[in-house]
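Okay, structure first, notes after.
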Amino acid sequence: MINVDFHIHSKYSGGTSGNMEIPVIAEQSIFKGLNTIGSGDCLNKNWLDHFVSSVKKVDEGTFEHKSGIRFILTTEVEDYRRVHHVILFPSLSAVQEFRDTIKDKSPNLDTDGRCNINLAGDELLDIVSNIDGLIGPSHAFTPWTSIYKEYNSLEECYKTKNIPFLELGLSADTQMADCISELKNVTFMTNSDAHSPWPHRIGREFNRLKVKDNTYDEIINAIKRRGGNEFVLNVGIDPDLGKYHMTACTRCYKKYSWDKAKETKYRCTCGGLIKKGVVDRINELHDQEVIHPPHRPRYIKTIPLAEILVEALGLSSVNSKKVQDLWKLLVESFKNEINVLIVTPKEEIERIAGEKVAQAIIDFREGKIYIEPGGGGMYGKAYLNKKNINQSSLDGYL
Numbered sequence: 129m130i131n132v133d134f135h136i137h138s139k140y141s142g143g144t145s146g147n148m149e150i151p152v153i154a155e156q157s158i159f160k161g162l163n164t165i166g167s168g169d170c171l172n173k174n175w176l177d178h179f180v181s182s183v184k185k186v187d188e189g190t191f192e193h194k195s196g197i198r199f200i201l202t203t204e205v206e207d208y209r210r211v212h213h214v215i216l217f218p219s220l221s222a223v224q225e226f227r228d229t230i231k232d233k234s235p236n237l238d239t240d241g242r243c244n245i246n247l248a249g250d251e252l253l254d255i256v257s258n259i260d261g262l263i264g265p266s267h268a269f270t271p272w273t274s275i276y277k278e279y280n281s282l283e284e285c286y287k288t289k290n291i292p293f294l295e296l297g298l299s300a301d302t303q304m305a306d307c308i309s310e311l312k313n314v315t316f317m318t319n320s321d322a323h324s325p326w327p328h329r330i331g332r333e334f335n336r337l338k339v340k341d342n343t344y345d346e347i348i349n350a351i352k353r354r355g356g357n358e359f360v361l362n363v364g365i366d367p368d369l370g371k372y373h374m375t376a377c378t379r380c381y382k383k384y385s386w387d388k389a390k391e392t393k394y395r396c397t398c399g400g401l402i403k404k405g406v407v408d409r410i411n412e413l414h415d416q417e418v419i420h421p422p423h424r425p426r427y428i429k430t431i432p433l434a435e436i437l438v439e440a441l442g443l444s445s446v447n448s449k450k451v452q453d454l455w456k457l458l459v460e461s462f463k464n465e466i467n468v469l470i471v472t473p474k475e476e477i478e479r480i481a482g483e484k485v486a487q488a489i490i491d492f493r494e495g496k497i498y499i500e501p502g503g504g505g506m507y508g509k510a511y512l513n514k515k516n517i518n519q520s521s522l523d524g525y526l
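As structure tokens, then:
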């Protein structure tokens, strides 16, 4: 079994940390409990040069940092309709061939980690297929740059239904997406889309795969469910916590029902733009009751450990010394954050961190929490105590 996060960004993408470099990413991935990371931004020459100098090649599509963390070649691109796609590449030569093919169609190929390409989704699919790569939608339901903000089906975008994977995004989960019948044969990915390397970002969503070996080819077999390889878990934050989960104002973040948003012509009382949430978009797309196909793995809802500690200790920041010291103690005691979050028994956590923190971790693990949902670009918040929820932010949700 391996834990994989396919979608991150480098320091060359907008809004990312300068710490997004391979040695730091590898170190923090070990703390998180990941085994394999998508390189992110591999079409950017500066990032690719840094990547190649930081890892050794295991085979054509698999690379390893000296820490033991493995990488595969991935990127996210934006097409001419502002739809985002994740692409997986089988080799460095395939990356170069793709670059050569699209360089005249991209105004920012080497100035942005996530480049814009003036091509349609089906044209990108053709190019990716020609280099034996894989392509699928990023954060498929979000309101700004996703496939379902622009199209009503995979086929409208790619001119085929046969897309191997779809990234759910932080604001959706399996339960939500499996009410759309066209997705029954699609492998769902849960990825972090991390812009910083710290464990409350990288691996905040990840996939657990059963593979014969931790290599690119075996990972592709898992995506395609071949040879006994498969995804066995999707692990992600509760979609209520995603920043586009509910329809909300992009200025003041007041939540709205979709009917109320339409009544106001998508303008909030503060004058801000109301943006459709993932819940309402999926309600428009759904065409069946929730049916999980036999290949669909279990979805586990979780939250970064540092954020649980903030709530349990009554503090305000994941960067506080008390949170960081306790986080480090727990991770050192149980090898990595994923172990603490989803498998370590309560009594063992209690022995290290005390009853209050142990119970908080178990409450989050079992979903015994209260959530103020996200929307409009603001993440939701999770609480152990219902009285902490800011009810005024929900007044527009009628």
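Its first residue numbered 129, the sequence shown is counted upward by one per residue in the numbering used here. Beta carbons are placed, not taken as given, at the ideal position from N, Cα and C, and that holds for glycine.
Query, Result
"Going by C-alpha distance, which of V152, C398 and I130 is nearest P327?", "V152"
"Enumerate, from N- to C-terminal direction, the unbroken alpha helix (DSSP H) stretches of 4 or more residues contained entirely within the region 406-458.", "406-413 and 433-441"
"If you run the structure through DSSP and keep just helix, strand and coil, what is F359?", "strand"
"By Cβ distance below 8 Å, which residues in the same chain neighbour A268 in space, the five residues on each side in sequence not counted?", "S274, I275, Y276, L294, E295, L296, G297, A300 and A305"
"Is the Cβ-Cβ distance between G364 and E333 less than 8 Å?", "yes"
"Rank V214, G356, G355 and K173 by C-alpha distance to the C-alpha of T239 and give the top, closest one.", "K173"
"Are the region 254-264 and the region 216-227 touching, with three or more C-beta to C-beta distances below 8 Å?", "yes"
"Counting only runs that start and end within the region 476-506, where is the beta strand (DSSP E) found for 3 or more residues in a row?", "498-500"
"Check N244 in the structure and name its three-state DSSP category.", "strand"
"Where do the ends of the beta strand (DSSP E) carrying D133 lie?", "I130 to D133"
"Check whether the region 358-375 and the region 426-438 touch, using three or more Cβ-Cβ pairs below 8 Å as the test.", "yes"
"Please determine, among S219, I351, K450 and C380, the residue with the shortest C-alpha to C-alpha distance to K423.", "The sequence given here has His at residue 423, not Lys. When each option's Cα is compared against that of H423, the closest is I351."
"Checking 8 Å against the spacing of the C-beta atoms, do A376 and G196 come in under that value?", "no"
"How close, in whole Å, do the beta carbons of F359 and T315 come, if the pair is a contact with beta carbons under 8 Å?", "6 Å"
"Verify whether the separation of the beta carbon atoms of G168 and H212 is less than 8 Å.", "no"
"Among P421, L413 and Y381, which residue has its Cα nearest to the Cα of I402?", "Y381"
"I'd like to check one pair, N357 with K340: are the Cβ atoms closer than 8 Å?", "yes"
"Please classify D232: is it buried, with 16 or more other beta-carbons within 10 angstroms of its beta-carbon, or exposed?", "exposed"
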